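> Protein chains in written order, with the numbering used here: chain A, 37 to 265; chain B, 2 to 226; chain C, 16 to 255.
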Amino acid sequence: MKKAFPILAVLTVPLLGYAFYQAMFVAPADQMQGEVYRIIYYHVPSAWTAFIFFFINFVASIVYLIRRNPKADAVAVAAAEVGVVFCTVVLVTGPLWARPVWGIWWTWDIRLTSTLVLWLIYVSYLILRRFSQGDQMPVLASALAVFGALDMPLVYFSIWFFRTQHPQPVIGGGGSIDPRMLHVWLLNWAAFLCYGLLIFWACYRLENLKRELEETQSLESMLEAPRFR
Amino acid sequence: MSSSARITRATLAKDIRLEWRSKDAINSMLFFALLVVVIFSFSFDPIAEESRHIAGGLIWVAFLFAAVVALNQTWARELRNSVLDAYRVSPAPPNALFVAKALGNFIFVCVLEALMAPLFTVFYNLRPLGPAWQLIPVAILGTWALVVNGTFFAAISIHTRSREVMLPLLLFPITIPALLAMVQATNAILTGQDSAKFWIVLLLTYDVVFTIACLLLFETVLYAE
Amino acid sequence: MNSPQVPSAIPAVVISEVLKRFGRFAALRGVTAEFLPHRLYVILGNNGAGKTTLLRILAGLARPTSGRVLILGSSDPRASGREIGYMAHPSLLYDEMSGIENLRYFARLYGIEDDECCARVIRRVGLDPSLTRPVGQYSQGMRQRMSLARALLHDPKILLLDEPFSNVDARSAVEMVRLLAAVRDAGTTVFAVTHQPSLLQASADEFVWMESGRIVARTGELPSLLDAPQSEDPGFEEGP
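See below:
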């Protein structure tokens, strides 16, 4: 398992580079938006990557609530951290793209808004983890993650209906996708996934090491002879 | 009546009795609710013709802030003298305690709303152009949405530093779809322009989903050390 | 020490290899012990010895990091909630209600609808049930006695007391000791963590000494402070 990490790292760097090259230079320019549209190759794959990691967090949180396995909790926090980073990328690239193209910084676009709420929920999750006192912080955090996951379909539907009543511009627009664009999209997504997996793995191992250190320290103190009165 | 329901009733009665005795807590919250209405009225011009379109948002945000003040003291009495330990040690089912606290908060926030709503109506000259009776299910379902998750997150906040900040911090993101529904439903009823039916159904779904989630997970949160 | 011979071989409480960690700190480092019913056990030790942690685990308020606890044969402390009475240094009472109002409420948690039962247990601890003063205005002695009444309300088979005599006046303490002995004689197993073991000298069946998260000795008598017992480890094996 340990050997896989450097192999993945070696794979990821050129993949990221190649994906960047494809996105910036090879993919054809958009008819209406010109070169600016290329930000889509960061905006959309980041969103997909974030969703995948948040889903991993959801599954890991449920596993933790049922089994109380500390490794599941390590997976949950690592996935949440990576997910929040990619989610931030989506929220930053969205307005950066919208402004030159549609003239507005923000629109209650269903995808963008859902992503914002998801980001808020997971940032609150990370803050809860940091501010919790006591041993049972993973339990509380897992409960919050479950609540967040239950919330997301409701978020999506509420915004969807809101938009049917109050139509707003859609960032990214509909319309058909040039097959060459799709290929670059998927390439970038693969690159981001590898990168995300790399960071996730590092975070996960760090969490496990922290826990093992704590256990070792407490076991050491247990072997001390008791002090005499 | 099952033993669980009896315990809920006893807990609710005890809480109401204690709230009634220390009327200063109620009085200060009522006054706070009044202040919120006044501040909002100064901040958002109530005379404008479009006030009907934004009133829904103003009212519910005001209710939300007042509710947070009430929710923050949900467990305050149980934390003093570690009374919560007495509950944990007893064979009483944790959900009986949760339902009692949620109902108590619900009643209390409804009282706050009953005070604030007429004031908003007065300051904003509100007259619903749509079916006014629909405001009742919106108020009930919307308040329950705030209160059920609020009571649950207040219990989670017990185990954190900066307790009073953690509650809204955890509550607000999860509440967003419900808040959207409450606001849109209220606007729809006041302006008479759209139907509030979808939003009422969404609120009902939200309430059912999260009431079940809270009941399933409260025991875990109560016994967290 | 002078309990009548009760024919009971089944231990009321069995603790096996219980470890309790709080992050890096090990509060309990391998506790193994058996406790027979109808006894009054006094748990002693310095601060940080793990006495409170052990009591809380028995009460079901904390879960051991590893190891098992059997209370009256059941490995789930919450299942035996009906049989456990718990009293700690905080009063576990609502300051704003009177004694009888407090007890009436807690009685409901145990499914007890009979109010006379509450009045009876208040009289048992030497207090007046008709007192309308809120508990917050009681003296410490009165408050501890009312807290004990709350713990005894449902006639528990196991009574857990954490520092019941701290800051309590002498008269209240004596009354409480008398009551604890009576409760033990009636069939309850009593565990009392205290820094004032001399109060229980005459009534206790056994003194359990804890040190650094372990039980180091169990004696039938309370020796003078000068010859404190040496550290023995009945339940913990050292070394790899």
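Note that the Cβ used here is the ideal one computed from N, Cα and C, for glycine as well.
This structure is a prediction, so every number in the text was calculated from the model and none was measured.
1. With DSSP collapsed to three states, give me the class of C:D177.
2. Which first and last residues belong to the alpha helix (DSSP H) in which B:I40 is found?
3. So C:G45 contacts chain A; which residues on that side make the cut at Cβ distance below 9 Å?
4. Measure the C-alpha to C-alpha separation of A:S257 and A:L242 and round it to an integer number of angstroms.
5. Please report the distance separating the alpha-carbon of B:R164 from that of A:L223.
6. Expressed to the nearest angstrom, what Euclidean distance is found between the alpha-carbon atoms of B:V148 and C:L195?
7. Would you decide whether C:T209 is buried or exposed? Buried here means 16 or more other CB atoms lie within 10 Å of its CB.
8. Using a Cβ cut-off of 9 Å (strictly closer), state whether A:E251 contacts chain C.
9. Could you check whether C:R148 and C:S113 sit closer than 9 Å to each other, using their CB atoms as the reference points?
10. Can you confirm whether B:P95, when its beta carbon is compared against all beta carbons of chain E, has any partner nearer than 9 Å?
11. Looking at chain A, is there any beta carbon in it that lies within less than 9 Å of the beta carbon of C:G250?
12. What does the Cβ neighbour count give for C:E98, buried or exposed, with the cut at 16 atoms within 10 Å?
13. Are any of the Cβ atoms in chain B nearer than 9 Å to that of A:Q169?
14. By the 10 Å Cβ neighbour count, where 16 or more other Cβ atoms means buried, how is B:M117 classified, buried or exposed?
15. What does the alpha-carbon distance come out to for the pair A:Q201 and B:F199?
16. So, at 7 Å on beta carbons, what are the nonlocal neighbours of C:Y101 in its own chain, with the 5 sequence-adjacent residues on each side left out?
17. In chain C, what lies closer than 7 Å to A:S254 by C-beta?
18. To the nearest angstrom, how far is the alpha carbon of C:I25 from that of C:S162?
19. Just to confirm, is the Cβ distance from A:G184 to A:F89 under 9 Å?
20. Do you know offhand how far B:L104's Cα is from B:L13's?
21. With DSSP run on the structure shown, which of helix, strand or coil describes C:P26?
22. Within the stretch 57–144 of chain B, note down every full alpha helix (DSSP H) run reaching 4 residues or more, in order along the chain.
23. For the beta strand (DSSP E) that C:Y56 lies in, which residues bound it at each end?
24. Shorter than 9 Å from the beta carbon of C:G228 to some beta carbon of chain A?
25. Using the Cα positions of A:V113 and A:A226, report the straight-line distance between them to the nearest angstrom.
26. Considering only their Cβ atoms, is the gap separating B:G143 from B:V66 smaller than 9 Å?
This is what the structure holds:
1. strand
2. K24 to S44
3. M258
4. 23 Å
5. Answer to the nearest angstrom: the Cα atoms are 45 Å apart.
6. Each residue's Cα considered, the two are about 44 Å apart.
7. The residue in question, C:T209, is buried, as its Cβ has 16 or more Cβ neighbours within 10 Å.
8. yes
9. yes
10. Although the question refers to chain E, the structure presented lacks it and instead comprises the protein chains A, B and C.
11. Low confidence applies to C:G250: its pLDDT is 42, below 50, so where it sits in the model is not reliable, and the reading given next is rough at best. No, because no Cβ of chain A sits closer than 9 Å to the Cβ of C:G250.
12. By the neighbour-count rule (16 or more Cβ atoms within 10 Å), C:E98 is buried.
13. Answer yes: the Cβ-Cβ gap between A:Q169 and chain B drops below 9 Å somewhere.
14. buried
15. 11 Å
16. For C:Y101, where only same-chain residues beyond five positions count, the Cβ hits under 7 Å are A74, A166 and L175.
17. Correct list: R36, R39, F40 and A41.
18. 29 Å
19. no
20. Approximately 7 Å between the Cα atoms of the pair.
21. In the structure shown, C:P26 sits in coil (DSSP, three-state: anything other than H, G, I, E or B).
22. 77–80, 84–90 and 95–125
23. L55 to G60 is the span of the beta strand (DSSP E), which, as asked, contains C:Y56.
24. yes
25. 22 Å
26. Reading off the sequence, residue 66 of chain B comes out as Phe, not Val. Their beta carbons are not under 9 Å apart, which means B:F66 does not touch B:G143 by this criterion.
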